[in-house]
Amino acid sequence: ERAQTLKDSTECGPTSQAFADLAQEWKNVGRVPLEKADELWNRLNAAKDLFFNAKRQHFETVRMSLEDNYAQKMALLNRAEKLKNSTHWKDASDEMNELMTEGKKRCPLAREHSNNMWEQFIAARKHFFTRKDENREQRKKQVEKQMSNRVEQTRNFLTKLEEELKEEEDKIADFTNGLQNISPGHKAEELRQHLEKLIEQSTERIKRRAEKIDEVKKQLEELETKAAVKPTAVEQEKDSEEEKA
């Protein structure tokens with residue numbers, strides 16, 4: 007009767023010990039009438055077999071579950087190993103984070119595999135995000151260098167325009183002085199018209215240069231503003247979210 011109360015137990019360890027104790031007690035009790043011996047023995051073994059068969063089935067199910075979990079986590083690890091050298095930064099970051107979420111699910115493994123696989127996964131993930139950080143810093147420096155070059159080129163262009171403007175202003179001063187000091191003669195009128203034409207042309211060029219200078223100054227101001235801007239807090243927060251462990 008005690009064996010039959012134990013047959014449906016799911017407490018494997020204590021119940022196994024309880025059946026072992028019952029077996030010893032069974033031997034200690036001694037013989038029973040022959041006509042009752044087989045019936046009692048069969049009833050005891052039926053209860054015991056029911057429990058131990060269920061126990062074996064339970065451990066087989068656990069073993070299969072552990073093997074299935076191992077296969078799934080090995081697939082996650084293999085995928086992380088393939089992704090760790092990717093240069094598709096956005097897509098690979100998203101997938102790495104999805105793998106992390108999957109990896110954190112409660113899927114137990116055999117003890118000899120659990121820690122080792124997790125350490126390998128974290129190492130692959132860290133390798134990828136370290137490369138991503140290095141790439142971002144490199145691209146940042148390239149952008150800063152390109153922006154610095156554009157600012158320098160624009161400044162040089164502005165200086166060139168200002169020099170050309172000064173040259174035209176000097177030309178007008180020379181032409182005006184020449185116009186005021188034309189010597190009388192049969193070519194005086196022709197010279198006057200020529201100098202007036204040159205003054206008119208230089209005046210037009212000065213106007214265009216002045217307009218261009220204003221335009222380039224505005225461009226330079228915008229470039230200098232952009233060159234001084236640092237990554238926004240939103241961008242920094244986004245990067246931080248992508249790389250959370």
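Last residue of the sequence shown: number 251 in this note's numbering, and the count goes up by one each step with no gaps. Just so it is clear, CB atoms sit at the ideal spot from N, CA and C, and this is done for glycine as well.
In this structure GLU45 is exposed. Its beta-carbon is surrounded by fewer than 16 other beta-carbon atoms within 10 angstroms.
Burial is judged here by how many other beta carbons sit within 10 angstroms of a residue's own beta carbon; ARG131 has at least 16 and is buried.
The beta carbons of THR209 and ILE178 sit closer together than 8 Å. Residues PHE25, LEU28, ARG49, LEU50, ALA53, LYS54 of the same chain have their beta carbon placed closer than 8 Å to that of ALA9, with the five preceding and five following residues left out of the count. Between MET153 and LEU226, the C-beta gap is not smaller than 8 Å, which leaves the two residues out of contact.
For ARG69, the uninterrupted alpha helix (DSSP H) segment begins and ends at 40-89. Using a 10 angstroms sphere on the CB of ARG215, the tally of other CB atoms reaches 16 or more, which defines it as buried.
Secondary structure of VAL35 (DSSP, three-state): helix. THR160 and GLU169 have their C-alpha atoms roughly 14 Å apart. If you draw a straight line from the Cα of THR182 to the Cα of ILE205, it comes to about 7 Å.
Taken atom to atom, the span from the alpha-carbon of GLU87 to that of TRP32 is near 59 Å. The straight-line gap separating the alpha-carbon atoms of GLU150 and LYS110 is approximately 39 Å.
The three-state secondary structure of ILE188, taken from DSSP, is coil. Bounds of the alpha helix (DSSP H) holding VAL222 are 194-234. Cβ atoms of PHE127 and LEU83 come within 8 Å of each other, at about 5 Å. Per DSSP, the unbroken alpha helix (DSSP H) holding SER99 starts and ends at 95-109. For GLU175, same chain residues with a beta-carbon under 7 Å away, outside a window of 5 residues either side, are ILE212 in chain order. Where THR11 is concerned, the enclosing alpha helix (DSSP H) starts and stops at 8-12. The beta carbons of VAL222 and LEU167 sit closer together than 8 Å. SER15 carries a coil assignment under DSSP once its states are collapsed to helix, strand and coil.
Each residue's CA atom was taken as its position, placing THR16 and GLU66 some 14 Å apart.
Under the three-state reduction of DSSP output, SER92 falls in the coil class, being neither helix nor strand. Cα atoms of SER92 and GLU125: separation of roughly 20 Å, rounded to the nearest angstrom. Closest in alpha carbon position to GLU173, among GLN207, ARG62, LYS224, ALA98, is GLN207.
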